[in-house]
Amino acid sequence: MKYGVDERDIYKEKESGVKRERPELNKVLELLREGDTLCVYRLDRLARSTRHMLEISELIDAKGANLISIHDHVDTKSIGGRCIFTIMSAIASMERELLISRTRHGQQVARDNGAIFGRPAKLTPDLVKHIQHAHKDPTVTVAATLKHLNISKSSYYNALKM
780 MKYGVDERDI YKEKESGVKR ERPELNKVLE LLREGDTLCV YRLDRLARST RHMLEISELI
840 DAKGANLISI HDHVDTKSIG GRCIFTIMSA IASMERELLI SRTRHGQQVA RDNGAIFGRP
900 AKLTPDLVKH IQHAHKDPTV TVAATLKHLN ISKSSYYNAL KM
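In the numbering used here, the protein residues as written are 780 to 941.
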């Protein structure tokens, strides 16, 4: 038993808290009955927006259940706990928005300094020249070119369009 919770009653969500449709969260919310307590490690793991967190809280409350956040020391059993929960959910939402904003700004600064994001292009100008040259040679088959250059058929034909 950890945190007074039986290991069999622990649900681990694989989906991001940003997504509204999360199978494990939906399952645990369905199982809640009056008098039950849903215990989460952190509020920001439950939901990322204040609205979604409040919707989940209202659903839990409507079932007569309680919500506790271990890390944030929040218990919605009391009026003060519900107030703190609302404030903490707003802070969690703000933190997420700030993180996204800082990340986007950092990416833009990196782009301005010449950084290129994403997977490198398979078709380099040199490789395109090789493909076009091989295509013009009637003695070289497409299959041989694909194998020799270690490229896919779609890359081969995309190079011919350039």
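For each residue, glycine too, the CB sits at the ideal point set by N, CA and C.
CB of residue i within 8 angstroms of CB of residue j, strictly
{"i": "L902", "j": "N937", "result": "yes"}
{"i": "F896", "j": "Q886", "result": "yes"}
{"i": "R821", "j": "D851", "result": "yes"}
{"i": "L808", "j": "L838", "result": "yes"}
{"i": "V919", "j": "M941", "result": "no"}
{"i": "T829", "j": "S872", "result": "yes"}
{"i": "L939", "j": "H912", "result": "no"}
For residue i, the nearest candidate out of the options (CA to CA)
{"i": "L810", "options": "L822, Y790, R827, K915", "result": "Y790"}
{"i": "L817", "options": "V853, H914, R883", "result": "V853"}
{"i": "N892", "options": "H884, R898, P899", "result": "H884"}
{"i": "D815", "options": "E792, L833, D788", "result": "D788"}
{"i": "T924", "options": "K915, S933, I910, P917", "result": "I910"}
{"i": "E834", "options": "A913, S933, L804", "result": "L804"}
{"i": "I863", "options": "M832, L878, A889", "result": "M832"}
Enclosing beta strand (DSSP E) for residue i [first to last residue]
{"i": "N845", "result": "845 to 848"}
{"i": "V907", "result": "Run containing V907: none in the beta strand (DSSP E); it sits in the alpha helix (DSSP H), 904 to 915."}
{"i": "V819", "result": "816 to 819"}
Residue range of the unbroken alpha helix (DSSP H) whose run includes residue i
{"i": "F864", "result": "858 to 891"}
{"i": "P802", "result": "802 to 810"}
{"i": "S836", "result": "829 to 841"}
{"i": "S931", "result": "Here S931 belongs to no alpha helix (DSSP H), and DSSP marks it neither H nor E."}
{"i": "R898", "result": "That residue, R898, is in no alpha helix (DSSP H); it is neither H nor E in DSSP."}
{"i": "D823", "result": "822 to 825"}
Sheet register partners of residue i (DSSP bridge)
{"i": "V853", "result": "S848"}
Cβ separation of residue i and residue j, assumed to be a contact under 8 angstroms, to the nearest whole Å
{"i": "R812", "j": "K856", "result": "Going by Cβ atoms, the distance from R812 to K856 rounds to 16 angstroms, so no, they are not a contact pair."}
{"i": "E874", "j": "D840", "result": "With a Cβ gap of about 24 angstroms, E874 and D840 do not count as contacting."}
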